[in-house]
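> Here's a structure for you.
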Amino acid sequence: MLKNINYFINSSSIAFHIDCIGYDLTPVQKAGIIYSSNKASLSEKHEAWQEIIATTEDIPLKGSDYTLHEILKKQMAADNRCIDKLIKDDENTFYICQHRWHNIGFCKSFEECFEMINKNHLTLEYCSISKIDINNDKRHFPCADVKNNRIMSFSDGSTTEYDYWFKQMYIDLPIPFEKGDIICMGDKGELFIFVKRQEEPPFADEPWVEGSFVSYIIDETGCINTFYEYDFINAEYFGGEFEGTQRLLMALSNFLKGKIDGILYSEASRLILAEEEANNIFSNLYNSYSNKELRFAGIRLSRY
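All you need for this note's numbering is the position in the sequence shown, starting with 1, plus 343.
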């Protein structure tokens with residue numbers, strides 16, 4: 344039985360919105376969402392695709408020589424070939440485990456890699472496993488992204504022509520975001536202010552429109568930049584605390600929503616930047632001088 348499609352949607356904000364409005368996803372949309380999911384393991388994705396093949400009519404795909412069912416079958420077959428190459432015991436090969444580009448250790452077998460990851464308390468973190476031939480550094484093996492002792496996906500170096508079709512597919516979904524909403528892209532940390540969905544490509548040679556939106560980002564100097572994001576399936580409402588110059592986003596958000604006027608926004612931005620600069624100056628002085636010396640210099644410590 345296919346899991347609820349919301350399980351595969353990276354953004355809980357979008358998943359909740361789709362539920363609320365009763366939006367009916369097409370088989371192609373479901374297939375693309377499953378492919379892009381960073382929550383589901385590769386085996387869960389295959390199970391879901393098999394369910395789509397078994398329960399829906401096959402349809403041609405725009406921009407592809409294959410039908411939907413054909414490309415799903417070919418993608419699963421390619422994934423399985425990658426798994427076989429990766430876990431097969433080959434002479435003169437070893438494995439490298441990495442977490443955020445840092446080596447965790449070297450292993451003799453694929454199974455030993457999971458033991459190494461668990462030993463380092465990284466079971467619930469994304470790690471990568473690469474296979475190396477000692478005698479032939481040009482021999483290529485798939486590189487697996489793993490989490491919770493499961494293969495989640497294969498890295499870009501292991502992609503196939505079928506992967507490229509999915510990667511070029513921008514999934515057009517209804518989104519809950521309105522002008523001025525502060526959003527973040529999954530666990531990447533950077534914050535954006537949503538402006539609008541992108542209706543036309545920003546560049547003449549960029550054909551993809553679906554799944555993109557225009558947003559604002561603010562740097563540490565208070566400068567506002569327009570940013571084009573091409574994969575809103577990872578976008579979430581930001582619900583955390585604003586720190587440092589992130590408070591500028593709150594001011595701009597409320598200005599765009601009409602909750603404060605332009606004068607207050609301008610003055611608030613000046614004040615926030617001045618406060619942050621003062622905090623940085625004080626931090627440098629505090630690390631260089633004693634409290635007594637700072638008081639002699641007329642600095643009121645209670646303000647910081």
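Where a beta carbon is used, it is the ideal one built from N, C-alpha and C, also for glycine.
So, for Pro-485: in the same chain, excluding its five sequence neighbours on each side, which residues have a beta-carbon less than 7 Å away from its beta-carbon?
For the purposes of this step, residue 485 is taken as the residue at position 142 of the sequence shown. Excluding positions up to five away in sequence, the list reads Cys-425, Lys-428, Leu-429, Phe-497 and Ser-501.
> Pairs of beta-carbons, one from the stretch 532-540 and one from the stretch 513-524, closer than 8 Å: are there three or more?
yes
> Determine the burial state of His-445: buried for a count of at least 16 other Cβ atoms within 10 Å of its Cβ, exposed for fewer.
Looking up residue 445 in the sequence shown gives position 102. Counting Cβ neighbours within 10 Å, His-445 comes out exposed, since fewer than 16 surround it.
> Pick from Ala-383, Met-419 and Lys-490: whose alpha carbon is nearest that of Asn-461?
As a working mapping, residue 461 is identified with position 118 in the sequence shown. For Asn-461, the nearest C-alpha among the options comes from Lys-490.
> Kindly identify the DSSP beta-bridge partner or partners of Ser-473.
Position 130 of the sequence shown, counted from the first residue, corresponds to residue 473. Paired residues: Ile-439.
> Which residue's Cα is closest to the Cα of Thr-369: Leu-628, Thr-564 and Leu-516?
As a position in the sequence shown, residue 369 is number 26, starting the count at 1. Among Leu-628, Thr-564 and Leu-516, the Cα nearest to that of Thr-369 is on Leu-516.
> Alpha carbon to alpha carbon, how far is Gly-375 from Ile-402?
As a working mapping, residue 375 is identified with position 32 in the sequence shown. As a working mapping, residue 402 is identified with position 59 in the sequence shown. C-alpha separation (whole angstroms): 14 Å.
> Kindly indicate which residue of His-442, Leu-591 and Thr-436 has the alpha-carbon position closest to the one of Cys-450.
As a first step, residue 450 must be located in the sequence shown, where it is residue number 107. Here the closest residue by C-alpha is Thr-436.
> According to DSSP, which residues form a beta bridge with Asn-623?
Locating residue 623 in the sequence shown gives position 280, counting from the first residue. Asn-623 is not bridged to any residue.
> Could you name the residues of the same chain whose beta carbon sits closer than 6 Å to that of Thr-399, not counting the 5 residues immediately before and after it, in chain order?
Indexing the sequence shown from 1 puts residue 399 at position 56. Closer than 6 Å at the Cβ level, and outside the excluded window around Thr-399, lie Pro-370.
> Please list the segments of the alpha helix (DSSP H) lying wholly inside the stretch 549-611, counting only runs of 4 or more residues, in order along the chain.
590-599
> Give the straight-line distance between the Cα atoms of Asp-604 and Pro-519, rounded to the nearest whole angstrom.
Locating residue 604 in the sequence shown gives position 261, where the first residue counts as 1. Locating residue 519 in the sequence shown gives position 176, where the first residue counts as 1. Each residue's alpha carbon lies about 25 Å from the other.
> Since Ala-421 is in the alpha helix (DSSP H), which residue starts that stretch and which ends it?
Here residue 421 refers to the residue found at position 78 when the sequence shown is read from its first residue. It spans 411-430 - the alpha helix (DSSP H) in which Ala-421 sits, taken as one unbroken run.
> Assuming Arg-493 is part of the beta strand (DSSP E), what are its boundary residues?
Working through the sequence shown from its first residue, we reach residue 493 at position 150. Element bounds for Arg-493: 493-497.
> Going by beta carbon distance, what residues of the same chain come within less than 8 Å of Met-593, once the five residues before and after it are set aside?
Against the sequence shown, residue 593 aligns to sequence position 250. For Met-593, where only same-chain residues beyond five positions count, the Cβ hits under 8 Å are Ile-525 and Phe-585.
> Which stretch, first to last residue, makes up the beta strand (DSSP E) that contains Ile-460?
One-based indexing of the sequence shown puts residue 460 at position 117. No beta strand (DSSP E) holds Ile-460; the alpha helix (DSSP H) holding it covers 453-462.
> As a quick exercise: from Phe-575, Arg-493 and Tyr-559, pick the residue whose alpha carbon is nearest that of Thr-569.
Within the sequence shown, numbered from 1, the residue matching residue 569 stands at position 226. If we check each option's Cα against that of Thr-569, Tyr-559 comes out closest.
> Per DSSP, Arg-540 is paired with what?
Here residue 540 refers to the residue found at position 197 when the sequence shown is read from its first residue. Answer is Phe-556, bridged to Arg-540.
> Might you give, ordered along the chain, the residues of its own chain that have their beta carbon closer than 6 Å to the beta carbon of Phe-457, omitting 5 neighbours on each side?
Translated into the one-based positions of the sequence shown, residue 457 becomes position 114. Cβ neighbours of Phe-457 beyond the five flanking positions: Asn-492.
> Name the one or two DSSP bridge partners that Asn-446 has.
Residue 446 sits at position 103 when you count from the first residue of the sequence shown. Its beta-bridge partners are Gln-441.
> Are there 16 or more other CB atoms within 10 angstroms of the CB of Ser-356, so buried, or fewer, so exposed?
Walking along the sequence shown from the start, residue 356 turns up at place 13. It is buried - the Cβ of Ser-356 has at least 16 other Cβ atoms within 10 Å.
> Answer yes or no: do Ile-576 and Ser-407 have a C-beta to C-beta separation smaller than 8 Å?
On the sequence shown, position 233 is the one that residue 576 refers to. On the sequence shown, position 64 is the one that residue 407 refers to. In this structure, Ser-407 does not lie closer than 8 Å to Ile-576 by Cβ.
> If the criterion is Cβ atoms closer than 8 Å, does the pair Leu-591 and Ser-612 meet it?
Locating residue 591 in the sequence shown gives position 248, counting from the first residue. Locating residue 612 in the sequence shown gives position 269, counting from the first residue. In this structure, Ser-612 lies closer than 8 Å to Leu-591 by Cβ.
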